[in-house]
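Colleague: First residue of the sequence shown? That's 0 in numbering that gives the first Met the number 0, and the numbers climb one at a time after it.
Here a beta-carbon is modelled for each residue, glycine too, at the ideal position from N, C-alpha and C.
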Amino acid sequence: MEQYSRENDCFLVLRRTFGDQDNEQLSIQKLRNLGVNGLIVFPAQGEYFNAEILKMVIARFPLVLIDRKLKGVAAASISTDNVGAAVRAVEHLFDLGHRHICLLSPPPRDTTAVEERIEGFVQAHAARGIAFDRDIWISDVTATLPNAFHESNIEREIQRIMQQLQDHPAVTAFLAIEYNIALLAKVAAERLGLRVPEDLSIVCFDSPQLNIGEGYMFTHMRQSEEEMGRLAIETVLGIMNHDAVAVEKRLPAELVVGSSTGPVRK
C-alpha cells in the first residue's frame, strides 16, 4: 500500500490495533482528528463492528474495509473469495482421497471471512456428494485470537485437538481456517505420534514466505495481499474523488502445495 500511495502522490499513515476493538476505535478517532482524508481498515475480529466504523459509513467518509464486509451496509470492501478458496482447499484433500476432514476455526462471531470459509467447506462437500460431520469440527478455537495468544491457551487448544483425534480416529485431514491454527494441529498430531502428511494432512490459509530450503511450508491458500493493498488505495482514492467504485471486490486465492498434504493413509 505504501508503494501505491506514493505513486498516487498521497501519504500513508499506519496505525496498528493488534486486533483489539478498543484500540481500533481510539485509532480511528485519532486519525480523523489528525485530518486524514480517507481510511483503510482491517476490522478487528468481534461480534459487531465498532461504532466509529458505522459512523463513517453513515457520514459517507471515504472508507475501505479489508478482508471483511459490513453486512447490510454499502461500505466498500476488498477481500479474498473465501468461499472459492475454501472449496479449492477441500477439493485438494478430496483429490488425495481424504473423506473425513476436521474443520478447525475460530468462532465465526459474524466475521465474514471465517463464515465464508466455513461455507466453502460445506459447498465443497455438497458438490462432490460427500457427507460431512460437524461433530468432528472444532469451530471455537480461541487461542489464536488477539490478546489470547498465551502459552496456557495454546496448550489447552493443542490438548483439545489431540482429544478430537483420539475420539475420531477416522479423521485423516484438517482444514485450518488460519495459519496459526495449522501450527497447533501439527503439534497435536506429532504428540500423538502421527506423521504429517503420511498419517494426517493439513491445509490452511496463508503461510509465511520462506527462502528456499528454510522452514516448513504448509499446503495453503495464498491470498493476493499485494493486489488487495493496491485496490484498497485505488478504491479509497476513487471514493475521495467521487468516482463510481465497486462496493465489493473479491480476489481469487492460489493453492500452494507444500509439505503438509499427501495421499490418504491406507
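With DSSP run on the structure shown, which of helix, strand or coil describes arginine 14?
Modeller: In the sequence shown, the residue the question calls residue 14 occupies position 15. Correct three-state label for arginine 14: coil.
Colleague: What did DSSP end up calling alanine 245 once you bin it into helix, strand or coil?
Modeller: For the purposes of this step, residue 245 is identified with residue 246 of the sequence shown, where counting begins at 1. Of the three classes helix, strand and coil, the one that applies to alanine 245 here is coil, per DSSP.
Colleague: Quick one, which of Ile27, Ala172, Glu90 has its alpha-carbon nearest alanine 126's?
Modeller: For this step, residue 126 is matched to residue 127 along the sequence shown. Checking every option, the nearest Cα to that of alanine 126 belongs to Glu90.
Colleague: Under 8 Å, with one C-beta from each stretch per pair, do the region 96-110 and the region 164-173 reach the 3-pair mark?
Modeller: With the cut-off at 8 Å, the region 96-110 and the region 164-173 touch.
Colleague: Is the CB-CB distance between valine 40 and valine 12 below 8 Å?
Modeller: Here residue 40 refers to the residue found at position 41 of the sequence shown. Here residue 12 refers to the residue found at position 13 of the sequence shown. Their beta carbons are not under 8 Å apart, which means valine 40 does not touch valine 12 by this criterion.
Colleague: For arginine 5, count neighbouring C-beta atoms within 10 Å of its own C-beta (all shown protein chains included) and say buried if the count is 16 or more, exposed if not.
Modeller: If you number the sequence shown from 1, residue 5 lands on position 6. Under this definition arginine 5 is an exposed residue.
Colleague: Which one or two residues does DSSP pair with isoleucine 77 in a beta bridge?
Modeller: Taking the first residue of the sequence shown as position 1, residue 77 is located at position 78. Note: isoleucine 77 sits in a beta bridge opposite Ile65, Lys248.
Colleague: According to DSSP, is arginine 59 helix, strand or coil?
Modeller: Taking the first residue of the sequence shown as 1, we reach residue 59 at position 60. Coil.
Colleague: Based on DSSP bridge pairs, tell me the residues matched to isoleucine 302.
Modeller: Residue 302 cannot be examined here, being either before or after the span of the chain that is shown, 0 to 265.
Colleague: For the alpha helix (DSSP H) that contains threonine 110, what are its first and last residues?
Modeller: The count along the sequence shown starts at 1 and reaches residue 110 at position 111. From DSSP, threonine 110 is part of no alpha helix (DSSP H); its letter is neither H nor E.
Colleague: Per DSSP, which one or two residues make a beta bridge with arginine 221?
Modeller: As a first step, residue 221 must be located in the sequence shown, where it is residue number 222. Arginine 221 pairs with Glu253.
Colleague: To the nearest angstrom, how far is it from the Cα of phenylalanine 10 to the Cα of methionine 161?
Modeller: Taking the sequence shown and counting its residues from 1, one reaches residue 10 at position 11. Taking the sequence shown and counting its residues from 1, one reaches residue 161 at position 162. So the two alpha carbons sit approximately 48 Å from each other.
Colleague: Following the continuous alpha helix (DSSP H) through serine 26, name the residue where it begins and the one where it ends.
Modeller: Start at 1 with the first residue of the sequence shown, and residue 26 comes out as number 27. That run of the alpha helix (DSSP H) goes 20-33.
Colleague: What's the gap between the Cα of threonine 234 and the Cα of glycine 37?
Modeller: Taking the first residue of the sequence shown as position 1, residue 234 is located at position 235. Taking the first residue of the sequence shown as position 1, residue 37 is located at position 38. Threonine 234 and glycine 37: Cα-Cα distance of roughly 10 Å.
Colleague: Following the continuous beta strand (DSSP E) through serine 200, name the residue where it begins and the one where it ends.
Modeller: Indexing the sequence shown from 1 puts residue 200 at position 201. Its beta strand (DSSP E) spans residues 200-204.
Colleague: Between which two residues does the alpha helix (DSSP H) holding alanine 172 run?
Modeller: To locate residue 172, count along the sequence shown from 1; it is residue 173. Where alanine 172 is concerned, there is no enclosing alpha helix (DSSP H), although the beta strand (DSSP E) it sits in stretches over 172-175.
Colleague: Mind checking serine 258: buried by the 16 CB within 10 Å criterion, or exposed?
Modeller: To locate residue 258, count along the sequence shown from 1; it is residue 259. Burial call: exposed.
Colleague: Of all the options Val244, Leu254, Thr16, Phe17, which has the alpha carbon lying nearest to the alpha carbon of arginine 221?
Modeller: Within the sequence shown, residue 221 is the residue found at index 222, counting from 1. When only C-alpha atoms are compared, the closest one is Leu254.
Colleague: Can we say the region 215-229 touches the region 243-252, given the rule of at least three CB pairs closer than 8 Å?
Modeller: A contact exists between the region 215-229 and the region 243-252.
Colleague: Closer than 8 Å is the cut-off here; do at least three beta carbon pairs connect the region 174-186 with the region 141-151?
Modeller: In short, these stretches touch, since the Cβ pair count reaches three.
Colleague: In the DSSP assignment, the beta strand (DSSP E) including isoleucine 100 goes from what residue to what residue?
Modeller: Here residue 100 is taken as the residue at index 101 of the sequence shown, counted from 1. Here the beta strand (DSSP E) through isoleucine 100 covers 100-103.
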